[in-house]
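Have a look at the structure below, then the notes.
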Amino acid sequence: MPQAPDHATLLAQVTAVGQQHVFAFYHQLNTPQQAELDRQVAALDWTLVAELIRTVVLHPQPFKLPDHIEPAPYFLHTPRDATMREKYRLARTRGEELLRKNKIAAFVVAGGQGSRLGWNGPKGTFPATAVKNKPLFQCFAEYLRAMELRFKAVIPFYIMTSTANHRATVDFWAKSNFFGLPSDQIMFFPQGMLPAVSLDGKVLLETPGTLALSPNGHGGSLLALHKSGALADMQRRGITHISYFQVDNPIVRCVDPLFIGLHDMEQADMSSKILPKLSSQEKLGNMCLVDGKMTVIEYSDFPDTLAEQRTADGALRFRAGSIALHAIRCEFVQRLNARGFALPYHRAEKKVPCVDIVTGKIWKPEKSNAIKMETFVFDALPLADRSMVYETDRLDEFAPIKNAEGVDSIASSRQITTLRNSRWLEAAGVKVPRQPDGAPDCTIEIAASFALYPEDIKARRVHLPTIKHGDQVYLE
Ligand code: UTP
938 MPQAPDHATL
948 LAQVTAVGQQ
958 HVFAFYHQLN
968 TPQQAELDRQ
978 VAALDWTLVA
988 ELIRTVVLHP
998 QPFKLPDHIE
1008 PAPYFLHTPR
1018 DATMREKYRL
1028 ARTRGEELLR
1038 KNKIAAFVVA
1048 GGQGSRLGWN
1058 GPKGTFPATA
1068 VKNKPLFQCF
1078 AEYLRAMELR
1088 FKAVIPFYIM
1098 TSTANHRATV
1108 DFWAKSNFFG
1118 LPSDQIMFFP
1128 QGMLPAVSLD
1138 GKVLLETPGT
1148 LALSPNGHGG
1158 SLLALHKSGA
1168 LADMQRRGIT
1178 HISYFQVDNP
1188 IVRCVDPLFI
1198 GLHDMEQADM
1208 SSKILPKLSS
1218 QEKLGNMCLV
1228 DGKMTVIEYS
1238 DFPDTLAEQR
1248 TADGALRFRA
1258 GSIALHAIRC
1268 EFVQRLNARG
1278 FALPYHRAEK
1288 KVPCVDIVTG
1298 KIWKPEKSNA
1308 IKMETFVFDA
1318 LPLADRSMVY
1328 ETDRLDEFAP
1338 IKNAEGVDSI
1348 ASSRQITTLR
1358 NSRWLEAAGV
1368 KVPRQPDGAP
1378 DCTIEIAASF
1388 ALYPEDIKAR
1398 RVHLPTIKHG
1408 DQVYLE
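Its first residue numbered 938, the sequence shown is counted upward by one per residue in the numbering used here.
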């Protein structure tokens, strides 16, 4: 272990980049507080921080729309003809084989701050399911356990946290007995942090003895996989592909044999699932080809002149919306890190409570006072030699929980889940009571142990319930 630099060295480092005010209150701190501030300062790469302050905070380049943007080609959810049906059959078989050979790892990025949801704790601990209120983490654990049993596979599970929620996340899993997963199959690791910076380029203090730090974006996962040793651990276990997903979707297919199989057959470095957008303004990143390279252009950067374009049959021309589900080849992550991690940093203006350096008092701003700097995982797509895109079914696996209420909230997520489960049960011949407007008049939760796919329900004919108006149904 290299020795941590002493305080004088750290002071020299921050002074060299004009950020010595981070130690403005050092002499008022007690010894453990001083040690903590030294630790936080030592953990940052100040050359990078100074570079980002220059390029992202003080002299940001306005987003420049590339000249050559085409819609990304993708594999349709429902194969159009016999050739494609056969291709999908082979892909599913390939994905299942990879699972049986223990080649696939699951990877959830759970380092975000979840500020929109406003939940006091790691987002993965949020009670998400419609009947049993199972936390998001439990949904993933149960899904993976069911897949392991089905394919007699071992699926190591990597959970990225941040230094802000790492302890609470690990404690939660330990307290829950890892939801039945073998604990030696789960690896937790924190992602990198970066300081929030004032609009005039000064690193902010959250308190006199702590920096205002936030996680460096989900793109930081590709760096953290390498730095934490998770990638090396995957290598030891013989893993070749990573199934990447976000923490906020209780019905996500944490590992999907068809998707992984297609990704492998197409020899892709990094693949993505998309949904056809519901409207030109739906807030999903746009999956495009830019100069032939797979690229996500954020909805906020996508001009209406493109968003509104239609094909001859009236459909949106740019309809592929990214839902942040990826299959990633381990070898690609290795390559990205070997050549020097180089995802671009984006700036986000935020309200960040911080210490007033003159008075030492904490100041709660009413408007944006700070810039946070983040990398995005989809910015790795253009760096891939090959990339595959697959259209999934919205109802089958997209019920995100982002906000406390309204769109993408716990209420909408539960509604979508019940709708999905109604569709699955009805396809197996179960009568689901409906309200006059067609919405299910009941709440239905299906555990992964009961069904992973709608076909699993048909196979269970004898155990299917009778559902009455207003029922709360839980199937496991
Ligand atoms: P979001 O974009 O929803 O951000 O993250 P967030 O921080 O969770 O929530 P808000 O914006 O503050 O409300 C999408 C996914 O990426 C992860 C999140 O945990 C979530 O799974 N993420 C995001 C990270 O792991 N690290 C980050 O730095 C940012």
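All residues carry an ideal CB built from backbone N, CA and C; glycine is no exception.
By the Cβ-count criterion, A1396 is exposed, with fewer than 16 other Cβ atoms from all chains shown falling within 10 Å of its own Cβ.
For K1024, the uninterrupted alpha helix (DSSP H) segment begins and ends at 1019-1037. C-alpha of V1189 to C-alpha of Q957: approximately 45 Å in a straight line.
T1242 and S1217 have their C-alpha atoms some 10 Å from each other. Boundaries of the beta strand (DSSP E) around G1222: 1222-1227. Counting only residues of its own chain and dropping the five nearest sequence neighbours on each side, K1230 has a CB closer than 6 Å to the CB of P1319. In this chain, the beta strand (DSSP E) harbouring P1152 covers 1150-1152. Take I1383, set aside five residues on each side of it, and the residues of its chain with a beta-carbon closer than 6 Å to its own are N1358, L1412, in chain order. For the pair of segments examined, the stretch 1267-1286 was found to touch the stretch 1307-1322: the number of CB pairs separated by less than 8 Å reaches three. Nearest C-alpha to L1356 among A1365, C1379, V1344, A1341: C1379. Counting the other Cβ atoms within 10 Å of the Cβ of Y1025 gives 16 or more, which makes it buried. Spanning the alpha carbons of V978 and A1043 requires a straight line of approximately 32 Å.
Per DSSP, reduced to three states, the secondary structure at V1292 is strand.
Here the distance from the Cβ of M1097 to the nearest heavy atom of the ligand UTP is below 7 Å.
Remark: C-beta atoms of V1326 and S1209 approach each other more closely than 8 Å. Judged by beta-carbon spacing, E1328 lies within the 8 Å limit of P1213, meaning their Cβ atoms are closer than that value.
Around the beta-carbon of R1173, fewer than 16 other beta-carbon atoms lie within 10 Å, marking it exposed.
Per the coordinates, the alpha-carbon of K1368 lies some 43 Å from the alpha-carbon of R1266.
Taking C-alpha positions only, S1113 is separated from R1082 by approximately 15 Å. Residue range 1409-1412 is occupied by the beta strand (DSSP E) that includes Y1411.
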